[in-house]
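All remarks here apply to the structure that follows.
Protein chains in written order, with the working numbering: chain R, 1 to 142; chain S, 1 to 386.
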């Protein structure tokens, strides 16, 4: 009896499952546009997308393209890959950024050394397609 | 007028399994083993239990308790899905149930196979509260609590000068306490140097800043204080208890201040209900999923000002014999991870005078916190009744 060689499955990147609320945001990412949800009642921006404005309780909203600049609020450097997909990338910096558009975005920070990362540092968001449907954000120095 | 819940209820029974890395038992079997131990500790029969709050998700559900313990008339079944804040928040729900007469004896129980069963990243996928993190943060490589909470710790370090040395102090002192306990996973001394040399998990958290993945079960019973007085063990009453939920509860990233946990809201309410303040606390069991989380909670609890938590915990203050002994059982960092129900059990032991080598002399009033689920915060203040 022969034994078939055992192949290790290639770990897959966890991917977002867009919801009815968040679909316009992910559609925008795919087109290279940073789309954010704005309340149609009071105009306030909100992220992550959700059905009701917590300020004025309006259930109407629209997505508008926003600027991609921001400032680092804080960061971490991920060494242990809790998901095996990220084993090849570790260690990687994930910056939490106060976007000029008034929301925060968490994304990998590229091209900056760990020792040089600072709160308040200016960065801009880039778009990285990972398959035909999904484009994910990353940051580089502005 | 005193709050109607103040000292209306008591922790009448406590039970634990061995805390291990490796078990043949299921999470449900561990949960039931601990439940039977807690029922025996109270001097009750399983037939007396008429309310259950099983930890969720993971372990058993109310039906399992009826089927295994033969509960003749279960009057209340609750889940309190608040991650690490669950167990102490469940004390509030259970106290309300017994104080109003809906139930007589409510069982809160955890069973966990964190080492031998599903590990953290798999377990979290069962939490509906993690859906937003799964959609927006897991794809870019941020999903585990060690990663999500690390950003808050880093910000505290940058703003206030908190250091790895401060975090090491929590790990080292907690380990000293664990060694005195006997029923712990980590029973060898830990030095500051060993902490600093341990591998980085998610900066600034090293391995020894992170709580354990372990197997075990824990359970407590909440009864009306006036009836608990006649049960088997010394009376430990619930003076104050509260749960709190932060702004942006399912996304730390979108929270205006990453360091404002639910405990910011619940701690003042619990102190007010109890009629005591930080100066009255003889011993504190602080939820320690990460070392930094303890430092920040001590600030929120009013033991020191925001930003001063690092220096506050140094120089023996949080050890046995210090001004504020904390985590006298070894906590989640060194005893075992049963979602903090072991913290409530240890506080009960301290106030009964049953804490053995780790006994805080003349401990009369103590507090226990829960923290989790992206920052929910619960707190109970207990007292040894005269």
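Backbone N, C-alpha and C fix where the C-beta goes; we use that ideal spot for every residue, glycine too.
In the structure shown, what three-state DSSP assignment does residue i receive?
| i | result |
| --- | --- |
| residue 50 (chain S) | coil |
| residue 37 (chain R) | strand |
| residue 1 (chain R) | In this predicted model, residue 1 (chain R) has a pLDDT of only 47, less than 50, meaning its place in the structure is not dependable; the value taken from the coordinates is given anyway. The answer is coil: DSSP assigns residue 1 (chain R) none of H, G, I, E or B. |
| residue 25 (chain R) | helix |
| residue 342 (chain S) | helix |
| residue 124 (chain R) | strand |
| residue 44 (chain S) | coil |
| residue 349 (chain S) | helix |
| residue 108 (chain R) | strand |
| residue 127 (chain S) | coil |
| residue 237 (chain S) | strand |
| residue 136 (chain R) | strand |
| residue 29 (chain S) | helix |
| residue 389 (chain S) | With chain S running from 1 to 386 in the structure shown, residue 389 (chain S) is simply not present. |
| residue 402 (chain S) | Within the shown structure, residues of chain S are numbered from 1 to 386, placing residue 402 (chain S) beyond reach of any answer. |
| residue 386 (chain S) | coil |
| residue 39 (chain S) | helix |
| residue 141 (chain R) | strand |
| residue 1 (chain S) | coil |
| residue 84 (chain R) | helix |
| residue 331 (chain S) | helix |
Along chain S, in chain order, which residues have C-beta atoms closer than 8 Å to that of residue i?
| i | result |
| --- | --- |
| residue 104 (chain R) | 253, 254 |
| residue 136 (chain R) | 139, 140 |
| residue 108 (chain R) | 140, 141 |
Name the chain R residues whose beta carbon is nearer than 8 Å to that of residue i?
| i | result |
| --- | --- |
| residue 202 (chain S) | 76, 77, 78, 79, 80 |
| residue 222 (chain S) | By Cβ distance, chain R contributes nothing, its closest Cβ being about 34 Å from residue 222 (chain S), past 8 Å. |
| residue 179 (chain S) | Chain R residues near residue 179 (chain S): none, gap ~26 Å exceeds 8 Å. |
| residue 129 (chain S) | Going along chain R, no residue has its Cβ under 8 Å from residue 129 (chain S), so there is no contact; the nearest lies around 13 Å. |
| residue 199 (chain S) | 79, 80 |
| residue 387 (chain S) | Residue 387 (chain S) is absent from the model: chain S starts at 1 and stops at 386. |
| residue 135 (chain S) | 16, 17, 18, 19, 22, 48 |
So residue i contacts chain S; which residues on that side make the cut at Cβ distance below 7 Å?
| i | result |
| --- | --- |
| residue 96 (chain R) | 151, 253 |
| residue 47 (chain R) | 254 |
Per DSSP, residue i forms a beta bridge with which residues?
| i | result |
| --- | --- |
| residue 149 (chain S) | Per DSSP, none; premise fails for residue 149 (chain S). |
| residue 32 (chain R) | Paired residue(s): none; residue 32 (chain R) is not in a bridge. |
| residue 98 (chain R) | R:71, R:104 |
| residue 16 (chain S) | S:218 |
| residue 18 (chain R) | Answer is none; residue 18 (chain R) lacks a bridge partner. |
| residue 129 (chain R) | R:135 |
| residue 10 (chain S) | S:223, S:237 |
| residue 93 (chain R) | R:77 |
Check the Cβ of residue i against every Cβ in chain S and list those closer than 9 Å, keeping chain order.
| i | result |
| --- | --- |
| residue 83 (chain R) | 121, 138, 141, 143, 144 |
| residue 89 (chain R) | 141 |
| residue 86 (chain R) | 141 |
So which residues of chain R does residue i contact, with C-beta pairs closer than 9 Å?
| i | result |
| --- | --- |
| residue 147 (chain S) | 76, 78, 80, 82, 94 |
| residue 158 (chain S) | 74, 118, 119 |
| residue 333 (chain S) | Those do not exist, as residue 333 (chain S) stays about 17 Å from chain R at its closest Cβ, beyond 9 Å. |
| residue 390 (chain S) | A question about residue 390 (chain S) goes unanswered here, because the residues of chain S that appear run from 1 up to 386. |
What do you reckon, is the C-beta of residue i under 7 Å from a heavy atom of the ligand GTP?
| i | result |
| --- | --- |
| residue 11 (chain S) | No copy of the ligand GTP occurs in the structure displayed, which carries no ligand at all. |
Interface residues of chain R around residue i at Cβ under 7 Å?
| i | result |
| --- | --- |
| residue 132 (chain S) | 48 |
Residues from the region 13-44 of chain R in contact with chain S, defined by Cβ distance under 7 Å: 13, 14, 15, 16, 17, 22
Entirely within the region 46-124 of chain S and at least 3 residues each: give me those beta strand (DSSP E) ranges in chain order. 51-54, 105-113
Going residue by residue through the region 34-75 of chain R, where are the continuous beta strand (DSSP E) segments of at least 3 residues, counting only ones entirely within it? 35-39, 61-65
If we require 3 or more residues per run, which beta strand (DSSP E) segments fall completely within the region 261-315 of chain S? 283-285
In the region 356-384 of chain S, which residue ranges form an unbroken beta strand (DSSP E) of at least 3 residues, counting only runs that do not cross its ends? 365-372, 376-384
Ordered list of alpha helix (DSSP H) runs contained in the region 163-249 of chain S, each at least 4 residues: 164-181, 192-197, 225-228
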